[in-house]
Structure formats: structure tokens, C-alpha cells
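Chains as they are written, first to last, in this note's numbering: chain X, 3 to 303; chain R, 124 to 416.
All residues carry an ideal CB built from backbone N, CA and C; glycine is no exception.
Okay, so here's the structure we're looking at.
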């Protein structure tokens, strides 16, 4: 199954039990907006932890009817985050979401050795884009979390993303390892890592996906371009997942897609016990809503 | 190997450096009588004539050039090839170091500028269904990526002279898995992708593969490994000289293998064989050099 639009994610959560989402430091207008909407759409069952008065004020001024919602009063931000994380690690919630708290504070709690959400996997950022000019949604990793991943990190990043895509119904996602060129060039580290990842995939050391790389951006997403270059590849032109060489390339691509191509985006953090919705303040409410939807679809419980 | 001899159409001229060695002269005599070479033997003419007499070989079949030391003999043999009075140069009784010094001399030698010097051999193994080319059993101790790429190129070129258009080349390791602990597996993955992308041409390449997966088509099925080489390798590229050398010697000793090898990276074929090599191996080497000339 292939997702054509982000809205297709809804099909994955329909009919199933509603996932419990815990919003840490919930007194955040945009986060609340997205959470309430996802709640009304029956996608999630929210638990709000934060300053109750602030939360109620936000709801009142936006006419959110939250009479049935579970709100836990904890005005101290650090404590509210810790409480949210503990709820997840004790399996009382399926999704963690960031409210009015810095990403670093939230991640520090996620990585807490005693009560955090560590699994032994690397944490990585996973984004799903809906772009008019591509025939399906395209996943991109890692555009926001790992700065300059080495080969080992890239393996972990691919594994995180592939596990997520498998849950979204892609049995064998096509993974393009991005480079500036499709040729192997000893002076471009990314092309060497790409060759190694391809071979590890052939040898079943990276499973449940088809990896090819290096592929330049154009041959990854355009069959015509791949044919023009004479590339024989199962992935070229039909990529489900783009693996970025580093955060700089990834972040620029992410922002180009959003600002120039008017792409819709949903993104989550993978590699912890549950998906984490960690959108930034600059993300639209729609992006936050779609990210919640993605987290619900990717959540295993 | 005999099929290779039958492929030889044209007579080639061979210059042998420090030729007073009975095995070498025996092999040269066979090749002259079969009709694919003319030979110039450079060395102590009295000794050469005596060896011929002892072996009941007609010394008038050869052009004998007198020389009284191995350095001069080596330089003279190389010079003959350089000025096109010979097509192939062969080492006789001279030590390999001294002989290669003449070959590798920057001004008067036979090196292609900046080329990687390596060694490719063809092996006939009774229990394998075709010739098997191996590299490098003799020259590069620990080839780096660029050297491995050059080695693959030389082996592909040699296989093509045997009429194998798209040889299957297996990059040999201890296992088919990629591992950080085996640096060679990293080079191999890079080379495979280069072959995918047409940066290494005219071959079907896979690696790392162990020798079972490379040469036994049942192994892939048993291990659950799909490989385009599919147990049908034409070429084995080894990670090091110390892996390749015992492989071929073991096969010669225990598997009744025959070997013919050549130095590659030179302008003209250069035959270097160990002095202990049999007359037959030397004969096949001479034939191979003519095929590659």
C-alpha cells in the first residue's frame, strides 16, 4: 500500500483503538489547537499535563470544548515533561508530544536512563511530505536531529524509518541514499556510505526495504532522469524514502519543499519507545495535526 | 589451457633474460616447436648450448645472444622489447628483484606511466567447469581500493582475450556479510556499486563472497544468498597476496591445478615465474603472454 496524501494516514487509524497522546507542558496554543482537532476527529485520546489555568484560558479564548478532557495540573515545566514521559514509559500513553517546552528539555527527559523512553536505538527525525509534483508521499530522514551521521548512524536512521514505513503499510519501501551524483566518488563520503548501505541491504543486513544509492535527487524521484542517465535501479524514480547525507542537506530540502513547493509535512521522532511529536513553533497547525496523525498511525499499540 | 594454445594465430617473439635454465629452455622449445613463438635467449651462450645438448634440444631453433651477467641480460631483454625486436620479455634464471628492476626502470623499462603493477593468473582446475582467473598472487601485498579496481580491470581484460565477454567476478572474503572488522568488505561494496553504475565495465561483479558462494552454485541456495555471480565465477579477486598465493599453490599441490600468469600494467607482456615452476606451467605462461600480446 502506498500513501498518496497525508490524509490517507487517516485510513490507518480508523477503526482501531484511539491512541493516547500525552501533551507535555500543554499550555501552548498551537499544540492545543492541533491536539483538540485530532481529538474531535477521533484520532487520539489526549492527556494534557501543564498549567491548568493557562490551558483553560487557551481553550476558552478559542472556544475549545474540553469538558471531557483529562487535564493534569503541573505548572512546573520540567515536572510536567517528566510526568508525561513517565506515563509513556509505564505504558499509560502511546504518543508523546511537545507543548510549551524547549526540544532539548523534552529530549533530555526522553533519554533519562531510569524512567525515559530509551530503546537502545538512535533517535532520528522522520518527515513525510505531500508534494503536488510527486506521485505519492515521500519520506525524508534525517532533516532535524542527527547532524553528521556516520555509517553506523545511517544504518540506525534507515532502520528507524523503515520500521515506521512498514507500520504505515509499506512492506518493502524503496530507499534512495542521496548524494550529489549517482556515481561512486572516493572524494564524496556520502557516495561511499551509499554503496555500503546498498550492499548491506543486498546481504539482508538491513531488512524489509530495497536500498539503492548513491542517487542524485533527480534520479531518485524522476524515472525519466534515471533513464536518461542509464541507471538500472528498482528505486530510482519511485523512491519512498530519501536518506539525507547530513542535516544541512536535509534541512534545506525540508524547508525548500515547504516554502517553495508548498508541501504539506508531517514529522515525528523515531527510535524511542513511542513516536514523539516534536514540531517546532514555526510549523503550521496543519503540520502539527498531520504529525499527530502520523504518530498515531506509526504507533504500534 | 590447451584451448588457449589453439587460439594463438600469430607468431610472437620472446626475449628471455638470463636464459640458462633447463625448465625455461624446455618450455621455450615446446612453444617454438608448437609454432607460436620465436625465441631470443640472452645469457651465457656456452651454458645455454650445453643445456640444449643435455636435453636433446636443437639450439639452432633459437637466436642466442651472449651476455655475462644477469643485470645486463635483463636490460638487454627489456631493450629488445622496447625497440620492437621482441613482443614479450621473460625471466629466466635471474632473481625476480633484479629482473623487475629492469622492467620497472622509468626511462628504459616497460611500465605504463602511473599504471598499477599487478599479477593475473589463469588456473585450470580439474574439478571446476572452466578456467578460473585469480588476482593478485604475486605483486601487491595489500591492495587498496584503487589497486583493487585496477586488478579487476586487468583480470576482466585477460578474460576477454579468452572470449569471455562479461566475466563473473567474485570479490573474495571470509563471508558474504559486510563487516566493519573486514576493511575489504567495504572496498568490495564500493566496487559493486561502481559496477552497477558502469564505472567498472564489462563484468558481473559481486562481493564480498566466500569461495563457496563464488564457485559452487549450490551454496547460494543453502545459505539463502542471491548473487549475480551465482557460484559460476570466472574471476576471483582476493583481498591480499597472502590469501591469493596459498590458494593457487594449494590447488596446484592438492587439486592438480595448472597455472599461467602474467604481470599486468606493462606496455608489453612480462613473464615472471618462480624458478621452481614446472616446465609445463612455463609453457602455458608463454602461451598466455602471446594471447595477451
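Using a C-beta cutoff of 7 Å, does residue i count as contacting chain R?
i	result
residue 197 of chain X	yes
residue 202 of chain X	yes
residue 205 of chain X	yes
residue 147 of chain X	no
residue 185 of chain X	yes
residue 194 of chain X	yes
Within 10 Å of its beta-carbon, does residue i have 16 or more other beta-carbons around it, so buried, or fewer, so exposed?
i	result
residue 18 of chain X	exposed
residue 269 of chain R	exposed
residue 254 of chain X	exposed
residue 258 of chain X	exposed
residue 84 of chain X	buried
residue 226 of chain X	exposed
residue 399 of chain R	exposed
residue 345 of chain R	exposed
residue 70 of chain X	exposed
residue 159 of chain R	buried
residue 258 of chain R	buried
residue 417 of chain R	A query on residue 417 of chain R cannot be resolved here, the shown segment of chain R reaching from 124 to 416 and no further.
residue 193 of chain R	buried
residue 197 of chain R	buried
residue 326 of chain R	buried
residue 215 of chain X	buried
residue 141 of chain R	buried
residue 404 of chain R	buried
residue 220 of chain R	exposed
residue 41 of chain X	buried
residue 438 of chain R	Any property of residue 438 of chain R remains undetermined from this structure, which presents chain R solely from 124 to 416.
residue 208 of chain X	buried
residue 113 of chain X	exposed
residue 206 of chain R	exposed
residue 148 of chain X	buried
residue 306 of chain R	exposed
Quick one: what's got a C-beta closer than 6 Å to residue i's C-beta in the same chain, skipping five residues either side?
i	result
residue 144 of chain R	215, 216
residue 3 of chain X	171
residue 390 of chain R	233, 235
residue 363 of chain R	265
residue 139 of chain X	5, 130, 132
residue 137 of chain R	160, 162, 211, 213
residue 394 of chain R	213, 408, 412
residue 306 of chain X	Not covered by the structure: residue 306 of chain X. The range shown for chain X is 3 to 303.
residue 16 of chain X	none
residue 169 of chain X	300
residue 7 of chain X	132
residue 239 of chain R	270, 273, 388
Spell out whether any CB of chain X is found under 7 Å from the CB atom of residue i.
i	result
residue 299 of chain R	yes
residue 291 of chain R	no
residue 313 of chain R	yes
residue 322 of chain R	yes
residue 317 of chain R	yes
Near residue i, which residues of its chain fall below 7 Å by C-beta distance, leaving aside the five closest residues on each side in sequence?
i	result
residue 402 of chain R	146, 149, 150
residue 256 of chain X	129, 142, 145
residue 156 of chain X	195, 199, 245
residue 250 of chain R	378
Leaving out five residues before and five after residue i in sequence, what residues of the same chain have Cβ atoms less than 8 Å from its Cβ?
i	result
residue 178 of chain R	145, 148, 149, 152
residue 167 of chain X	141, 175, 211, 242, 243
residue 358 of chain R	255, 256, 257, 258, 275, 278, 279, 282, 290, 291, 292, 293, 326
residue 191 of chain R	167
residue 117 of chain X	84, 87, 88, 91
Can you list, in chain order, the stretches of the beta strand (DSSP E) that have 3 or more residues and sit fully within the stretch 105-144 of chain X?
-> 126-132, 140-143
Taking the runs of the beta strand (DSSP E) that are 3 residues or longer, which of them lie wholly in the stretch 172-252 of chain R?
-> 186-189, 211-214, 241-247
If we count Cβ pairs, one from each stretch, closer than 8 Å, do we get three or more for the stretch 179-186 of chain X versus the stretch 115-132 of chain X?
-> no
Ranges of the alpha helix (DSSP H) found wholly within the stretch 205-273 of chain X, counting only runs of at least 4 | 219-223, 225-230, 249-261
Does the stretch 127-138 of chain R come within contact of the stretch 56-68 of chain X, defined as at least 3 CB pairs closer than 8 Å?
-> no
Pair every Cβ in the stretch 96-103 of chain X with every Cβ in the stretch 25-45 of chain X, then say whether three or more of these pairs are closer than 8 Å.
-> yes
Touching or not, the stretch 295-308 of chain R and the stretch 244-256 of chain R, by the rule of three or more beta carbon pairs under 8 Å?
-> no
Are the stretch 291-301 of chain X and the stretch 42-54 of chain X touching, with three or more C-beta to C-beta distances below 8 Å?
-> yes
At least three beta-carbon pairs within less than 8 Å, the stretch 355-371 of chain R to the stretch 271-290 of chain X | no
Every unbroken alpha helix (DSSP H) within the stretch 5-56 of chain X, with a cutoff of 4 residues, ordered by chain = 11-15, 31-42
Tell me the start and end of each unbroken alpha helix (DSSP H) in the stretch 310-374 of chain R that is at least 4 residues and wholly inside, in chain order.
-> 334-338, 340-346
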